[in-house]
Amino acid sequence: MVEKRTSQLAELIEPYAGRPQELIQVLREIQEELGYLPKEAQEEVAQTLGVPLSRVYGVITFYHFFRTSPVGQHTIRLCLGTACYVRGAAQVLQTLQEELGINPGETTVDYKFSLERVACFGCCALSPVMVVDNTVHSRVTPAKAREILSTYQGS
Ligand code: FES
Numbered sequence: 126m127v128e129k130r131t132s133q134l135a136e137l138i139e140p141y142a143g144r145p146q147e148l149i150q151v152l153r154e155i156q157e158e159l160g161y162l163p164k165e166a167q168e169e170v171a172q173t174l175g176v177p178l179s180r181v182y183g184v185i186t187f188y189h190f191f192r193t194s195p196v197g198q199h200t201i202r203l204c205l206g207t208a209c210y211v212r213g214a215a216q217v218l219q220t221l222q223e224e225l226g227i228n229p230g231e232t233t234v235d236y237k238f239s240l241e242r243v244a245c246f247g248c249c250a251l252s253p254v255m256v257v258d259n260t261v262h263s264r265v266t267p268a269k270a271r272e273i274l275s276t277y278q279g280s
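Dropping the structure here:
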């Protein structure tokens, strides 16, 4: 399994050897293939493209669509766009981080939940908005977020 992934990674990264300007593109391709960007992929990309590992990490943390862990059973997407933010999305995020023990872009150790931040769902009148899998939750408060999480206990 590990060997298969290593050769798969090499195949994806090799065409970009010595092309640091293609950093985002190669990271996107790896994530498309594996679903996330494991540590060994980040290291391999840095080495092959000839960029510092810190730069690879900087790009991954800057762009919220990059993931550093596999996707969980349920994906929680919280909007942190302006309308949601001014109505308390930051407090909801804080609650989710405390309850789940993860940051955006991460997955819980039991692979039950993944947490992602979104710029805007396009339904700002319902802010703050949180989407779990395909279910939209509107006017979410920290208490409501806890309640929503509890409905997934045991599922
Ligand atoms: S800002 Fe959150 S839905 Fe638009």
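All residue numbers for the sequence shown refer to our numbering, where the first residue is 126 and numbers rise by one.
Every residue, glycine too, gets a C-beta built ideally from N, C-alpha and C.
Since the structure is predicted, the reported quantities are computational estimates derived from the model, not experimental observations.
Residue i, DSSP secondary structure in three states
i      : result
CYS248 : coil
THR233 : coil
Per DSSP, cross-strand counterpart(s) of residue i
i      : result
ILE201 : LEU240, VAL257
Presumed contact (8 angstroms Cβ cut-off) between residue i and residue j, rounded CB distance
i      : j      : result
GLU154 : LEU137 : 6 angstroms
LEU221 : LEU203 : 7 angstroms
ILE227 : LEU218 : The Cβ separation is near 11 angstroms, so there is no contact.
THR233 : VAL196 : Contact doesn't hold; Cβ gap of about 11 angstroms is too wide.
GLN167 : VAL181 : 5 angstroms
ALA208 : CYS249 : 4 angstroms
Sequence-distant residues of its chain with Cβ nearer than 8 angstroms to residue i (five each side left out)
i      : result
LEU162 : LEU152, ILE155, GLN156, ILE185, PHE191, ARG192, THR193
ILE273 : MET255, VAL257, HIS262, VAL265
ILE149 : VAL184, TYR188
GLU158 : GLN133, LEU137
Same chain, Cβ closer than 6 angstroms to residue i, five either side skipped, listed in chain order
i      : result
HIS189 : ARG242
TYR141 : GLU147, VAL151, LEU174
GLU169 : LEU134, ILE138
GLY143 : GLY175
ARG212 : SER252, PRO253
Contacting residues, own chain, Cβ-Cβ under 7 angstroms from residue i (five flanking each side not counted)
i      : result
HIS199 : LYS237, PHE238, VAL257, ASP258, TYR277
PRO267 : GLN216, VAL217, THR220
LEU251 : SER263, ARG264
CYS245 : CYS204, GLY206
Continuous alpha helix (DSSP H) assignments of at least 4 residues falling wholly in the stretch 171 to 225 = Whole alpha helix (DSSP H) segments, 4+ residues: 178 to 187, 207 to 211, 214 to 225.
What are the start and end residues of each continuous alpha helix (DSSP H) run of 4 or more residues lying completely inside the stretch 133 to 174, in chain order?
-> You should have 148 to 159, 164 to 174.
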